[in-house]
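K.L.:
Numbering (this note's numbering), first residue to last: 68 to 237. We treat Cβ as the ideally placed atom computed from N, Cα and C, and that holds for glycine. Here it is, the structure in full.
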């Protein structure tokens, strides 16, 4: 379905989903909570949580300048132990992304979200955060992010906030 910019709400500069979805919001809140210990305060880092058709889950740490710092990639059988921070995030991210895939009529091959440990956002028209130039596309306003939960307006994702998302497929 198409989402027009005038139907989406704004929250601290973030374009929010036009209709609340309790399950999606709950899953996003859990993923952000699990990401928090892996994003040291003041580090300027944020994470992308991504998956693909093979069900490989990628946790990718990014710096404020949009450079990749670290990456963990695994299929569910290879996830870290659930009692580790990484394992807890892998489980929460897999559940969030599985649910999010239903937001597209046909889920893309690669898709994901970004989180700063506070909020969670995704780009319906350009769903894979690790694609070359994706972060710059968001920062320039050429593509629109939709926040499931608003990211910190003063955090490492602040440059990605947009006031006009235009028309997005969702």
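Applying the criterion that 16 or more other CB atoms from any shown protein chain within 10 Å of the CB defines a buried residue, is residue 195 buried or exposed?
P.N.:
It is buried - the Cβ of residue 195 has at least 16 other Cβ atoms within 10 Å.
K.L.:
Residue 89 lies in the alpha helix (DSSP H); which residues open and close that run?
P.N.:
Residue 89 -> alpha helix (DSSP H) spans 89 to 102.
K.L.:
When you compare the CB positions of residue 190 and residue 216, do they come within less than 7 Å of one another, or not?
P.N.:
Their beta carbons are not under 7 Å apart, which means residue 190 does not touch residue 216 by this criterion.
K.L.:
Does residue 201 come out as helix, strand or coil in the three-state DSSP assignment?
P.N.:
Helix, per DSSP.
K.L.:
Hey, is the region 84 to 91 in contact with the region 135 to 152, meaning 3+ C-beta pairs nearer than 8 Å?
P.N.:
Counting Cβ pairs under 8 Å, fewer than three are found: no touch.
K.L.:
At what residues does the beta strand (DSSP E) containing residue 112 begin and finish?
P.N.:
Note, residue 112: beta strand (DSSP E), 112 to 118.
K.L.:
Whole angstroms are fine: how far does the CA of residue 98 sit from the CA of residue 210?
P.N.:
Roughly 23 Å between the two C-alpha positions.
K.L.:
Measuring only the C-alpha atoms, how far is residue 187 from residue 200?
P.N.:
Taking the straight line from one Cα to the other gives about 19 Å.
K.L.:
Can you tell me which of the three DSSP states residue 160 falls into?
P.N.:
Helix at residue 160.
K.L.:
Could you compute how far the alpha carbon of residue 171 sits from the alpha carbon of residue 164?
P.N.:
Rounded to whole angstroms, residue 171 to residue 164 spans 12 Å at the Cα level.
K.L.:
Do you know how far the Cα of residue 152 is from the Cα of residue 118?
P.N.:
Straight-line Cα distance between these residues: approximately 19 Å.
K.L.:
Report the residue from 224, 197 and 214 whose alpha carbon sits nearest the alpha carbon of residue 206.
P.N.:
Taking only the C-alpha atoms, the option nearest residue 206 is 224.
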